[in-house]
Amino acid sequence: MLDVATPCTADELREEGFVDVGAAADVPRLEGRRATVDGRRVAVFRLPDRFAATDAACPHKGGPLSDGIVADDCVTCPLHNWRLNLRTGEVAGQDATMPIHHVVEQGGRLWVRLAGACDGHREPERAASRAAAPGPTPVRPAAPA
Amino acid sequence: MTDTLTTHTDVLVIGGGIAGQAVCEAVRDRSAELSIAMVCEEPRLPFDRVSLSHLLVDGKDPAELQLRPEEWYTDQAVDAIVGDRVTALDADAGTAVLASGRALSFGRAVLCTGSAPLMPPLPGIDLPGVIPFRGPEDCQTIRRAAAEGTEVAVIGGGLLGLEAAYGVASQGASATVVHLMDRLMERQLDDPAAELLEPALEGLGVKVLLERQTRLILGPDRVRGLRFADDTQIECGLVVVAIGIRSRTDLAKASGLDVERGIVVDDRMITSHPRVLSVGECAQHRGHVYGIVAPIHEQAEVAAQTVLMLDAAGEDTEVLGHPAPYEGSILSAKLKVMGVDLVSIGDADASGGGGATPAMGHATSAAVHDRESGVYRKLVVRDGKLAGAILMGDTRGHELLLDGVKHAIDVPDPLALLAEASQASPADLPDTAQVCNCNGVCKGEIVKAIQEHDLGSTQEVVAKTRAGAGCGSCKPTVSEILKVVRGGKVDEATYLCPCRKQTREDLAAVVREQGIDSVSELSKTCGAGRECGACKPGLAYLVSEVNHNQHREERHARFINDRVHGNIQKDGTFSVVPRMRGGVTTPSELRRIADVAEKFDVPCVKVTGGQRIDLLGIKKEDLPAVWEALDMPSGYAYAKSVRTVKTCVGNQFCRFGLGDSMNAGVELEQMIEGLYTPHKVKLAVSGCPRNCAESLIKDIGIVAIEGGWEVSIGGAGAGTVRQTQLLARVDTKDRALDVAIVFLQYYREHGEYLERTAPFVDRVGLDTIKEAVLNEESGEPDRLRERFRIAKAACDPDPWRERRAPAVPKQFSELDTEVTAMVGPPPGAEKPEIASVEGEDAGGQGARLSIQRVVGATTRKATDA
Ligand SMILES: Cc1cc2nc3c(=O)[nH]c(=O)nc-3n(C[C@H](O)[C@H](O)[C@H](O)COP(=O)(O)OP(=O)(O)OC[C@H]3O[C@@H](n4cnc5c(N)ncnc54)[C@H](O)[C@@H]3O)c2cc1C
Ligand code: HEM
Ligand code: SF4
Ligand code: SF4
Ligand code: FES
């Protein structure tokens, strides 16, 4: 499921701001591993149907999220059980959110682009205010049919 | 299967949807004799179509939606003909022909052919990538597209369209809802509610485009976008069409039955031919075709009564008697989008719609609107009677209001009723109030079931009444009702997986019956462990225990401690505690420990309460090298497992000693080390009743007495301190260890996960335990011994050997780092498995220990891929 061919070359990914963090095979199913992207420690997870990435340190007391228990869509910090949604970046029951970084698998390698590193990059899909995101992308006049 | 001879059936149900199933059940409830056959066109037994919306979000196996298990059809003598279709129906003759060529004759037929999605005749509607949202296949297509990041456009901003779009957005893909009207769900909502709904959905990542009439679906080879009447366009790779349904009436029409928008039925659910009835989305009653589940159950009840009366009439098609007539249903819709609470009931926008309410009369409405918190609650009152409601952001009291609309109660003061509804507890609900909308169960039925069958837990109520067996969103209400009926006395089950409300027994039964040997398989089968993952270590223990450790070990199901075999500390480093059986060590071991502490700059070396030495603050990357340098087996100080056997020196040195507690403890530890348990198990052996090893506050404590030994259980030295209770007084050390082991196995099999022995003994009772552990005649102790032996032989006595053969890639390092270079022989150069403390090292202490360390055979299957 994960090896949906990404129609991109390594060069393209690099141009788009992605960084090669390691071999996809080194992240076993439903486990996490740490890596460094542009000097930032991130945690990369293999979910049942995709990869996901966030910062390595838990927003509570800096626990190692990559060592947490991973379920379909979330990871639980091993230190005090804060639970982070790996889609939205929300922490269950806490007033804290985490950045969700973009992960792409290409040719057996994992490429990570930090959240906010690139314009137009998909932010965690919470509360995109209507003012900030008018209408769907992209709306443009059609050529005369 | 296919039988060219004509088979006869009393009741022929055509269509295996929710309606077909409801009719079968309602008829069978009333008659055990009538033969029933149901023809299901789809290649599966009836399933819960409503939950496809959830399937879209959670990706569960569609098989989980099956309404009844296969055995039900055998048990209830319902002949379910799956994957076949009725192609011709002769009502006068009472015969039906199936697509397979098979012929059936029938007494009565019930048409439950349901509906098909409306696909507007737009250019491009048949392009690849344009689909409806109706079956499990559609769910799969949508999920696949979302997983690939395809932009998805949903045409239709009604309930179904919004649930489809939410499903896409919840997977992180882009979803745009394209709606013709100027507000969402215009049939169920008024302006203010729709205005609140839109930002709520956008907050979940669903984009909304209103007042867009789709003109063209762009291709040409597969869908690439939508173009609207105003010539704007959007790009997308998948289009989901959810603009409505069309009753499937072809068969009825071809058989000469009256058909308008649906198959016309009267108040007895009889069509224009007295031998044929119709129920569900294909039926039209008093001008209404319903597109939701609740009316189906009401219709099915009436239809079943009618069928029985018709049958009483034999071959005579004149109807004898009258069932309580079906007078129509009140529409009630609940949006199944996590985080958006929305219920609409009856005539909600005061326009006269909303089901069987009369559309005449003067309508007024009263509303409470709090933009800030996104709460909107409105009542519609027609001629002084409750006609409809919208509850957004706060849906408390919706059961009460639905019931009020159904009975058109008088509402002198709508605001007072709104206030009352928000205070309403399940105790206030009338018996007729429908609690479970999935399965159409009223409060009265629940109360009756609780009283008649003396039900004590929510689980039992769900099993008996099926209320809450669907989405489970009414389960809290069911629990409340149970509490009220039982005057607060409710024995709630302890759930191993609280998300799916599954107990250890439930799950153990699944593991046993289906021969499951891994957590993944268990999760796949029943959903446990997928949502929050918190129960995965419990599931891992369960799977290992039931399979006597001959399971497929999966590291992702284990807590980090059990993945890297150390105890995680507050700074993310680990502690290393080597095995030191009975707290007995040697100078050589101590020397190695000291060397390691220096070489790796270990921040802290500490003696633990369990008579071990703890090296604290080891980095994950250093673990393999530290273990290699220590060359001692893992002390399992990080696991829910057999931890330590503490000993006092006993009669080998102590002047009061009555028994050789030290050797007994070392021997006991050898016999049980490496075994996982429901919670940690700490043991102690003392050489006399002075009890220096503190045996009486251990999970299992053994004390030497004059002429024998005492084995006691269920003590606790931490948290709430508890003294052990005496299990047995025996003559020999061997028998003492044997009793301890039989009890340990009993606890391994019967303890709830994370239940220490103290609460375990309280819960199960000392007498029950004594009977199981000590009554040799019952044969149970022998069986426990045998299962213990198998489990022990298959357990891993030293997981630290993974330093040479990691269980998973980068087990001890990060994606972009490597483990510290090994100290000692290179990987592959296997040393003797585990060193013995016998011989040279033991001498220094002058102890006459004679210890043979046992290495259990490792017969576990390969770790997961
Ligand atoms: C995604 C989704 C979400 C929904 N959510 C809700 C909700 O939240 N609440 C709610 O109340 N309702 C909801 N609904 C609507 C609800 O699912 C339907 O009202 C209900 O399933 C209709 O059941 P039915 O048995 O009448 O029709 P169907 O489910 O259409 O069943 C009819 C069956 O008959 C078969 N059939 C047709 N013709 C023949 C023939 N000639 N021979 C043999 N078999 C035949 C069909 O293949 C089909 O299997 C939802 C629907 C969908 C698709
Ligand atoms: C009939 C069978 C149904 C099944 C099997 C089903 C299944 C589910 C499941 C699995 C969940 C996720 C619950 C969880 O694990 O937290 C859920 C949630 C939900 N369901 Fe259903 N569902 C059904 C019908 C319905 C119906 C008819 C409604 C409304 C009329 C409904 C409303 C909801 C709501 C509102 C939630 C979200 C609850 C929350 O936010 O926690 N469901 N359902
Ligand atoms: S996995 Fe469930 S299921 Fe079990 S505790 Fe959790 S999520 Fe929950
Ligand atoms: S319990 Fe105390 S007194 Fe008794 S043998 Fe052990 S050390 Fe000696
Ligand atoms: S550091 Fe993550 S929960 Fe406390």
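Top to bottom, those sequences are chains A and B. First residue of the first sequence: 1181, per our numbering; consecutive thereafter. First residue of the second sequence: 1343, per our numbering; consecutive thereafter. For every residue, glycine included, the Cβ atom is placed at its ideal position computed from N, Cα and C.
Residues are counted here when their Cβ sits less than 8 Å from a Cβ of chain B; for the stretch 1215 to 1227 of chain A these are Ala-1215, Thr-1216, Val-1224, given in chain order. The beta carbon of B:Asp-1403 sits closer than 8 Å to the beta carbons of Lys-1866 from its chain, once the five residues preceding and following it are set aside; these are given in chain order.
For B:Leu-1684, the enclosing beta strand (DSSP E) stretches over residues 1684 to 1688.
Beta-bridge partners assigned by DSSP to B:Val-1548: B:Ala-1517.
Restricting attention to A:Thr-1189, A:Asp-1253, A:Gly-1242, A:Asp-1206, the CA atom closest to the CA of B:Thr-2159 is found in A:Asp-1206.
As a beta-bridge residue in DSSP terms, B:Phe-1916 pairs with B:Ile-1910, B:Ile-1960. B:Gly-1746: member of the alpha helix (DSSP H) spanning 1740 to 1748, first to last residue. Put simply, the CB of B:His-2092 is far from chain A, with every gap to its CB atoms at 8 Å or more. Neighbours of B:Glu-2156 in chain A, taken as residues at a C-beta separation under 8 Å, are given in chain order as Arg-1213, Arg-1214, Ala-1215, Ser-1246. Rounded to whole angstroms, the gap between the alpha carbons of A:Glu-1195 and A:Val-1283 is 15 Å.
Where B:Tyr-1883 is concerned, the enclosing alpha helix (DSSP H) starts and stops at 1878 to 1888. B:Cys-1946 carries a strand assignment under DSSP once its states are collapsed to helix, strand and coil.
For B:Asp-1417, the enclosing alpha helix (DSSP H) stretches over residues 1412 to 1417. In the structure shown, B:Val-1510 adopts helical secondary structure according to DSSP, grouped into three states. B:Tyr-2088 sits in a helix when the DSSP states are folded into three classes. In the structure shown, B:Gln-1575 adopts extended strand secondary structure according to DSSP, grouped into three states. The alpha carbon of B:Met-1380 has as its nearest neighbour, out of B:Ala-1374, B:Pro-1388, B:Ser-1373, the alpha carbon of B:Pro-1388. Residues of the stretch 1888 to 1909 of chain B that bring their beta carbon within less than 9 Å of a beta carbon in chain A comprise Glu-1896, Arg-1897, His-1898, Ala-1899, Arg-1900, Phe-1901, Ile-1902, Asn-1903, Arg-1905, Val-1906, in sequence order. The stretch 1361 to 1414 of chain B is shown to contain whole alpha helix (DSSP H) runs of 4 or more residues at 1394 to 1400, in chain order. When rounded, the separation of the alpha-carbon atoms in B:Val-1472 and B:Lys-1748 is 39 Å. Under DSSP, no beta-bridge partner is assigned to B:Met-1527. When DSSP states are grouped into helix, strand and coil, B:Ser-2054 belongs to the strand group. Rounded to whole angstroms, the Cβ separation of B:Gln-1844 and B:Cys-1816 is 18 Å, and the two are not in contact under 8 Å.
Among the residues of the stretch 1282 to 1296 of chain A, those with a Cβ less than 8 Å away from any Cβ of chain B are Leu-1290, in the order of the chain. For B:Ala-1642 and B:Thr-1348, the gap between their C-alpha atoms comes out near 27 Å. One finds nothing in chain A with a Cβ atom closer than 9 Å to the Cβ of B:Glu-1931; even the nearest lies about 29 Å away.
Distances from the CB of B:Arg-1590 to the heavy atoms of ligand 1 include at least one below 7 Å.
A check of alpha carbon separations from B:Pro-1768 across B:Arg-2064, B:Ala-1805, B:Leu-1824 identifies B:Leu-1824 as the nearest.
Per DSSP, the beta-bridge partners of A:Glu-1285 are A:Leu-1290.
Every beta strand (DSSP E) stretch that sits fully inside the stretch 1989 to 2056 of chain B and reaches 3 residues is listed by chain position as 2023 to 2028, 2042 to 2047, 2050 to 2055. Using a CB distance cut-off of 8 Å, B:Glu-1963 does not count as an interface residue toward chain A. Taking 8 Å as the cut-off, the Cβ atoms of B:Ala-1458 and B:Ala-1506 do not count as close.
Going by DSSP, A:Ala-1232 is part of the beta strand (DSSP E) stretching over 1231 to 1235. Taking C-beta separations shorter than 7 Å and ignoring five residues to either side along the sequence, the partners of B:Glu-1887 in its chain run Arg-2090, Glu-2091, following chain order. Proximity to B:Leu-1526 across B:Gln-1513, B:Ala-1511, B:Gly-1730, B:Val-1496 peaks at B:Val-1496, based on C-alpha coordinates. Relative to the non-hydrogen atoms of ligand 1, the Cβ of A:Ala-1236 never comes closer than 7 Å to any of them.
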